[in-house]
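Asker: Could you have a look at this structure, given as structure tokens, before my questions?
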Amino acid sequence: MQALRGISFSVSKGSATALLGPNGAGKTTTMKILLGLLKPDSGEVEVFGMNPWENGDRIRSIVGVLHEKPIYPEWVSVRQLIRYAAKLRGLGEMDERRAIKLSGLEEYADARVSSLSRGYLQRLGIALAILGDPELLLLDEPTANLDPAARMEILHLISLLKEELDVTVLISSHIIPELEMVCDSAVFINEGLVLDQGGLDELARKHNSSAIVVIKTRRPRKLASMLIEREYVKSVEISREEVKVEVIPGELPTLELEISRLDSEYGVDEIKSTLGRLQDLYWKVVGVAKAEAS
Numbered sequence: 232m233q234a235l236r237g238i239s240f241s242v243s244k245g246s247a248t249a250l251l252g253p254n255g256a257g258k259t260t261t262m263k264i265l266l267g268l269l270k271p272d273s274g275e276v277e278v279f280g281m282n283p284w285e286n287g288d289r290i291r292s293i294v295g296v297l298h299e300k301p302i303y304p305e306w307v308s309v310r311q312l313i314r315y316a317a318k319l320r321g322l323g324e325m326d327e328r329r330a331i332k333l334s335g336l337e338e339y340a341d342a343r344v345s346s347l348s349r350g351y352l353q354r355l356g357i358a359l360a361i362l363g364d365p366e367l368l369l370l371d372e373p374t375a376n377l378d379p380a381a382r383m384e385i386l387h388l389i390s391l392l393k394e395e396l397d398v399t400v401l402i403s404s405h406i407i408p409e410l411e412m413v414c415d416s417a418v419f420i421n422e423g424l425v426l427d428q429g430g431l432d433e434l435a436r437k438h439n440s441s442a443i444v445v446i447k448t449r450r451p452r453k454l455a456s457m458l459i460e461r462e463y464v465k466s467v468e469i470s471r472e473e474v475k476v477e478v479i480p481g482e483l484p485t486l487e488l489e490i491s492r493l494d495s496e497y498g499v500d501e502i503k504s505t506l507g508r509l510q511d512l513y514w515k516v517v518g519v520a521k522a523e524a525s
């Protein structure tokens, strides 16, 4: 049985890349190989130009990781666990305090690990991953088994950390829609094969992927009349105090920018994506591949 079959992809420094595929696609195996925890039968792997098996200690010193199902000692406090992990890496209390603050755990720093909710357990995992300001964060299913509110909080935290730490992020997940708020590129895999990869705008144009956005507004007809004239808009529907807009491939940021500039004039209260580029791309890339294989 082959978990990966000739997989090949690259992640640009400073990017946030989604590694996407169904369960069993090879996402976790890929993460373990990047960390040097598994060795492939053939091929080459480089992390910052280094071989994970020849430079394992160096790579692990600059890579932070959140595993899919981490297990922590439940009887210690959040602070004690982070302090212990910091000492193992030769780090001090300043690093410990910074990790607690950046991960939003200050209020729970002295709480026992056993008392944390699933969402805050993920925050703890992220705090451990960012100790020492890594250059690369590997996050394996960071939003799995979380309720919608907790998923959004974790993704917002990841987005903030990317900017604060200027870190490269690789996120593996099979929960697609929310990742667009964090990621600017994607790698789609299935059955150990890379199906496609690239920036979201590039992939959207390549696969003719539309985004559907719902805008809550106090002036729906006025807003719809304006949007239907825009070249990047494919269609517009009005429903009470909402305007549903289908945007042509790669132009979602254009719509978001224009709405942000005009929200006071058009009484915009809320903008939400019902089908983003990632979800649409996932079905067009992975869904088609699975259908053809069946």
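So for the sequence shown, our numbering puts the first residue at 232; every next one is plus one.
Idealized CB from N, CA, C, for every residue including glycine.
(1) Enumerated in chain order, which unbroken segments of the alpha helix (DSSP H) with a length of 4 residues or greater are wholly contained in the stretch 254-309?
(2) Is there contact between the stretch 296-305 and the stretch 355-374, where contact requires at least three CB pairs shorter than 8 Å?
(3) Rounding to the nearest angstrom, what Cα-Cα distance links Asp432 and Leu488 in this structure?
(4) Contact check, Leu370 vs Ile402 under 8 Å by CB: the rounded distance?
(5) Should the stretch 388-401 be called in touch with the stretch 448-457, which here means at least 3 C-beta pairs below 8 Å?
(6) From the DSSP secondary-structure annotation, give me the bridge partner or partners of Val467.
(7) Take Ala249 and list the residues in its own chain whose beta-carbon comes closer than 6 Å to its own, dropping the five residues that flank it on each side.
(8) Using DSSP with H/G/I as helix, E/B as strand and the rest coil, what is Asn503?
(9) What is the rounded straight-line gap between the Cα of Tyr497 and the Cα of Met412?
(10) Using alpha carbons as the reference points, say which of Ser346, Lys475, Asp427 lies closest to Ser241.
(11) Is Leu493 close to chain D? Criterion is C-beta to C-beta, closer than 7 Å.
(12) Return the CA-CA distance between Lys270 and Gly257, expressed in angstroms with no decimal places.
(13) When DSSP builds the beta bridges, which residues end up paired with Phe419?
(14) Sort out for me which residues DSSP pairs Asp371 with in a bridge.
(15) So for Arg449, helix, strand or coil by DSSP?
(16) Could you check the C-alpha separation between Ala381 and Arg289 for me, to the nearest Å?
(17) Can you give the beta carbon distance from Leu486 to Val444, rounded, assuming they're within the 8 Å contact cut?
(18) For Leu386 and Arg310, what's the separation of their Cα atoms in angstroms?
(19) So, with DSSP's three-state summary, where would you put Ile331?
(20) Check the DSSP bridge columns for Ile238 and list the partner residues they point to.
(21) With a Cβ-Cβ cutoff of 7 Å, do Arg314 and Glu327 count as a contact?
(22) Determine the burial state of Arg320: buried for a count of at least 16 other Cβ atoms within 10 Å of its Cβ, exposed for fewer.
Answerer: Concretely, from the data shown:
(1) Taking only runs of at least 4 residues, the alpha helix (DSSP H) segments lying wholly in the stretch 254-309 are 258-265, 287-293.
(2) Put simply, the stretch 296-305 touches the stretch 355-374. At least three CB pairs are less than 8 Å apart.
(3) Answer to the nearest angstrom: the Cα atoms are 15 Å apart.
(4) A Cβ-Cβ separation of about 5 Å places Leu370 in contact with Ile402 under the 8 Å criterion.
(5) Taking one beta carbon from each stretch, the stretch 388-401 and the stretch 448-457 have fewer than 3 pairs nearer than 8 Å; the two do not touch.
(6) DSSP output for Val467 lists Val476 as bridge partner(s).
(7) So the list reads Ile402, Leu410, Cys414, Ala417, once near-sequence residues are dropped.
(8) Here residue 503 turns out to be Lys, not Asn, going by the sequence shown. DSSP places Lys503 within a strand segment (E or B) once states are collapsed to three.
(9) So the alpha carbons of these two residues sit roughly 24 Å apart.
(10) Closest in alpha carbon position to Ser241, among Ser346, Lys475, Asp427, is Asp427.
(11) Within the model displayed, chain D is absent; a lone protein chain is all it includes.
(12) Rounded to whole angstroms, Lys270 and Gly257 show a C-alpha spacing of 14 Å.
(13) In DSSP, Phe419 forms a bridge with Leu251, Asp427.
(14) Paired residue(s): Ser403.
(15) Arg449: coil per DSSP, three-state reduction.
(16) Using only the alpha carbons, I get a separation of about 33 Å.
(17) Yes, Leu486 and Val444 are in contact; Cβ-Cβ is about 6 Å, under 8 Å.
(18) Distance from the CA atom of Leu386 to the CA atom of Arg310, rounded to whole angstroms, is 23 Å.
(19) Looking at Ile331 - three-state DSSP - the assignment turns out to be helix.
(20) Here Ile238 is not bridged, per DSSP, to any residue.
(21) In contact: Arg314 and Glu327 (Cβ atoms closer than 7 Å).
(22) Looking at its Cβ environment, which holds fewer than 16 other Cβ atoms inside 10 Å, Arg320 is exposed.
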